[in-house]
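Have a look at the structure below before the remarks.
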Amino acid sequence: MAKIKENSPELMEKIVSLCKRRGFIFPGSEIYGGLANSFDYGPLGVELKNNIKNIWWKRFVHQRDDMVGIDAALIMNPKVWQASGHLENFSDPLVECKKCHHRFRKDLLEKNKCPDCNGELTEAKQFNLMLKTFLGPAEEEANKVYFRPETAQAMFVDFKNVLDTTRKKVPFGIAQIGKAFRNEITPGNFIFRTREFEQMEIEYFIKEEDWKETFEIWRKEMWSWMTDELGLDKKNIHELDVPDGERAHYSKKTIDFEYDYPFGKKELYGLAYRTDFDLKNHYKEPPYEDIENGEKLYPHVIEPTWGVDRSVLAVLCESYIEEQERVVLKLKPSLAPYKVAVFPLLKNKPELVEKATEVYHQLKKNFNIAFDDRGNIGKRYYSQDEIGTPFCITIDFETLENNDVTVRDRDTMKQERIKIKDLQSYLINKIN
Ligand code: ATP
């Protein structure tokens, strides 16, 4: 099999097809013809996505003393969005083609013509991205509510409650993972831009004078996350210092981290200095008291934000490799849906199947693992390579005599014999 050109539309097609075929990501509501750019994570996709979220939570919440988490409601009082400025400002410039009537986000177009038919475009008007619905039985204006377009606001609205219950002192952060909704004008590029997506966000509260230094610390943290935890290559990541006039309404400085997706260089994550904009909008009185001098103040905020789905997509793009006759997802073992697959050499030898089942159940207590007894061993290896399983274990006739197994490494394809009693520690060592 020829090695496919990096960053090509062909690569994207292959990734989408692998995701569907192996149960990472399906088109949403598919049996009803789908629903514009909605996707469902399948049995392997949910594992990959959960691994990313769990590693994030462990790293940024559990392993730090200056961070606590929350999990807030998706639908908040509409006054939140009034105060935050989202009802007024959270919009994108919408243009429509006068000929084919397709609609586009103007700031994403390369030229001022319709990309579909080259027709003339209307003047841009601001389109609010907040997704609306009604709470309660009456569909009237008074019951109109919004699905949150970012998880961030809950950290500001709950700030006082968190403070009162945790006795945290500035600098400290509040973290949250959850869904956000945006009525995007032009969703697309698979899970890159959807109307329902997931975010991992931190609002890090500081004193105003510390913002530059803190911004720098989080910039480095985000780099380390991308390279050390997700395994993305530095050369595929680029920083964009968002210029005046293009930043979100609340931001005084923003850096976008862009990734070289097969469809181009696009935003992966963002890092923003939100000043005291949000806390000032939500609290009439300063919500924080400095214990050293009793001064009441509005802490300032550095916000690192990570899209979960864009993380999944970047990880898939980075790890998809075709070499000789196999397709491999070279995922970091910590991210792989299955850490191990166990095979009996032959399906029709009960003593091998029995031993393999025993090893399988033993390892399953600690790892998410697969069992496969179909076809020949070579095919089973390739099947696991394609979904990124880092280790395959084969139980053969020697196992029955010596109590050892063959462990085959996904990346090197090398095999070694390991005693069953040492398997657990061998794998823990390799996976972490
Ligand atoms: P874009 O410029 O691509 O519309 P944004 O700058 O509006 O993105 P932010 O408001 O900074 O995005 O949102 C934080 C993060 O949430 C983004 O960096 C991205 O990872 C993710 N995200 C935003 N919009 C979407 C979407 N429609 N689909 C999937 N992920 C998204």
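Residue numbers (numbering that gives the first Met the number 0): 0 to 431. Glycine included, every Cβ here is placed at the ideal spot set by N, Cα and C.
Rounded C-alpha distance that separates residue i from residue j
i	j	result
F230	W55	A small correction: the amino acid at residue 230 is Gly; Phe does not occupy that position in the sequence shown. Their backbone Cα atoms lie some 13 angstroms apart in a straight line.
T193	F262	15 angstroms
E400	P343	15 angstroms
D65	T213	13 angstroms
C18	Y287	47 angstroms
E197	L296	32 angstroms
E245	I184	18 angstroms
P148	L328	32 angstroms
H281	K168	20 angstroms
A141	I290	42 angstroms
R102	C96	6 angstroms
Q81	T274	18 angstroms
V300	H237	24 angstroms
K264	L108	14 angstroms
R166	R63	15 angstroms
T405	D227	29 angstroms
I205	N49	30 angstroms
N431	I368	16 angstroms
T388	I30	30 angstroms
I417	E322	27 angstroms
Buried versus exposed call for residue i [16 or more other C-beta atoms within 10 Å across all chains shown]
i	result
R373	exposed
N428	exposed
A271	buried
F396	exposed
M11	buried
P298	buried
C316	buried
K234	exposed
C444	Past the boundaries of the shown model lies residue 444; the chain is included only from 0 to 431, so the question cannot be answered.
H248	exposed
S318	buried
C99	exposed
D240	exposed
K131	exposed
D259	buried
P336	buried
Q125	exposed
H360	exposed
Whole-number beta carbon distance between residue j and residue i, since they are thought to touch under 8 angstroms
i	j	result
L334	L47	6 angstroms
P303	M221	6 angstroms
S392	K354	Per the sequence shown, residue 392 should be read as Ile rather than Ser. The pair is not a contact, with the Cβ atoms about 11 angstroms apart (cut-off 8 angstroms).
V144	F133	7 angstroms
I201	F38	That belief does not hold up - the Cβ atoms of I201 and F38 are roughly 25 angstroms apart, past 8 angstroms.
V307	I51	6 angstroms
Short CB-CB distance (under 8 angstroms) between residue i and chain D
i	result
F396	Among the protein chains of the structure shown there is no chain D, as only one such chain exists.
**Item:** beta strand (DSSP E) runs wholly inside the region 291-316, at least 3 long, in chain order
**Value:** 299-306
**Prompt:** Taking contact to mean at least 3 C-beta pairs separated by less than 8 angstroms, is the region 150-166 in contact with the region 115-122?
**Reply:** These segments do not touch.
**Request:** Take every Cβ of the region 69-81, pair it with every Cβ of the region 163-177, and state whether three or more of those distances are shorter than 8 angstroms.
**Result:** yes
**Request:** Would you list, in sequence order, the uninterrupted beta strand (DSSP E) runs of no fewer than 3 residues that lie entirely inside the region 320-348?
**Result:** 325-328 and 339-343
**Asked** Along the chain, which unbroken stretches of the alpha helix (DSSP H) at least 4 residues long are found entirely within the region 28-74?
**Response** 42-56
**Message:** Suppose only complete runs of 3+ residues qualify. What are the beta strand (DSSP E) ranges in the region 121-208, listed by chain order?
**Reply:** 124-127, 130-133, 143-146, 171-180 and 195-205
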